[in-house]
Amino acid sequence: MLSDLISSELPYLRRYARGLMGEQTNGDEAVEDMIESLIFRISVAPDLKFNRADLFAELDKSISKRVSKLSADSGIGKILSTMTTIQRRALLLTVVEGFSVQEAARILTVNDTDVEEMLRQAETTIANEVSTSVLIIEDESLISYQLSQIVTEAGHSVVGIATTHKEAVDLAAELDFGLILSDIRLADGSIGIDAVRDILGAMENPVPVIFITAYPEMLLQGQDEEPSYLIPKPFEPVHVRTVVDQAILSAYLGQPAA
């Protein structure tokens with residue numbers, strides 16, 4: 003049933019929309035618009051069948067319609083009116099959401115070779131134009147080491163690693179950084195979200211934040227103040243690199259940071 007499919011895929015639809023739009027509100031609203039449209043279509047044509055790729059294709063249309071109403075001078079308008087947009091969409095669909103090149107091509111209504119070229123161009127653009135310094139908040143030394151290696155190899159720098167709420171806040175006050183990578187549960191029993199909230203609250207210009215958690219679905223329920231960027235544990239290096247680049251690129255082009 004369509005309702006079961008939507009229910010099972012809803013957290014991932016939100017993740018894709020938030021990642022592409024660069025923040026929670028517009029991303030979640032695009033998902034809601036897509037669901038309303040599908041419900042209407044099913045009501046007039048009950049025999050219509052949808053699979054996971056179909057849902058993402060419908061969501062992509064919903065996002066495009068929403069973006070077309072925004073000013074071309076706004077951050078999201080500038081991004082989505084350029085080739086970079088479809089490169090980002092291809093990157094998110096294949097690396098983050100796990101679609102094949104063929105499935106991504108169908109969602110984006112382009113050829114397989116187009117998607118392959120988009121992925122090559124996206125990687126080149128990100129590598130050449132986007133880099134920043136990163137604050138890592140993670141209490142497991144092996145994971146913090148892995149994250150440090152990944153972001154360093156991607157051309158970024160790690161300015162500090164914190165393991166507790168207090169250490170993270172104190173360290174942030176002393177350092178300059180353009181991105182936060184934070185675990186949800188920290189060594190002292192505190193919550194990474196709370197530490198990040200305190201850090202961003204003290205900053206004149208908030209930076210993008212990526213949360214890392216073993217339970218990403220819990221933070222993609224459509225509630226207020228949910229993260230725009232999430233990486234599930236265990237993670238693959240290419241996934242971390244893609245989400246990091248996506249968050250930095252959004253901030254670089256003027257979108258909201260969180």
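Residue numbers (the numbering used here): 3 to 260.
Glycine residues also receive a C-beta, built at the ideal position from the N, C-alpha and C atoms.
- Residue 36 is positioned such that its CB atom lies closer than 9 Å to that of residue 60.
- Nearest to residue 177 by C-alpha distance, out of 153, 204, 45, is 204.
- Non-local beta-carbon contacts of residue 233 in its own chain, meaning distances under 7 Å to residues more than five positions away in sequence, involve 212, 214, 241, 242, 245 in chain order.
- Burial is judged here by how many other beta carbons sit within 10 angstroms of a residue's own beta carbon; residue 42 has fewer than 16 and is exposed.
- When beta bridges are read from the DSSP output, residue 215 appears opposite 234.
- Counted as a single uninterrupted DSSP element, the beta strand (DSSP E) harbouring residue 181 occupies residues 181-185.
- Take the alpha-carbon of residue 151 and the one of residue 247: they are about 15 Å apart.
- For residue 39, the enclosing alpha helix (DSSP H) covers residues 26-46.
- Here the alpha carbons of residue 134 and residue 89 stand approximately 21 Å from one another.
- Under the three-state reduction of DSSP output, residue 242 falls in the helix class.
- With contact defined as three or more Cβ pairs closer than 8 Å, the stretch 162-171 and the stretch 184-200 are in contact.
- Spatial neighbours of residue 101 in its own chain (CB-CB distance under 6 Å, excluding positions within 5 residues in sequence) are listed in chain order as 95.
- For residue 137, there is no enclosing alpha helix (DSSP H); the residue is part of the beta strand (DSSP E) that begins and ends at 135-139.
- Taking a 10 Å sphere around the C-beta of residue 18, we find 16 or more other C-beta atoms and assign the residue as buried.
- When secondary structure is reduced to three states using DSSP, residue 102 falls in the coil class, being assigned neither helix nor strand.
- When 250, 51, 47 are compared, the shortest CA-CA separation from residue 156 is found for 250.
- Per DSSP, the continuous beta strand (DSSP E) segment holding residue 159 begins and ends at 159-164.
- Counting only the Cα atoms, residue 202 lies some 13 Å from residue 184.
- The distance from the Cβ of residue 4 to that of residue 65 is about 20 Å, inconsistent with a contact at the 8 Å cut-off.
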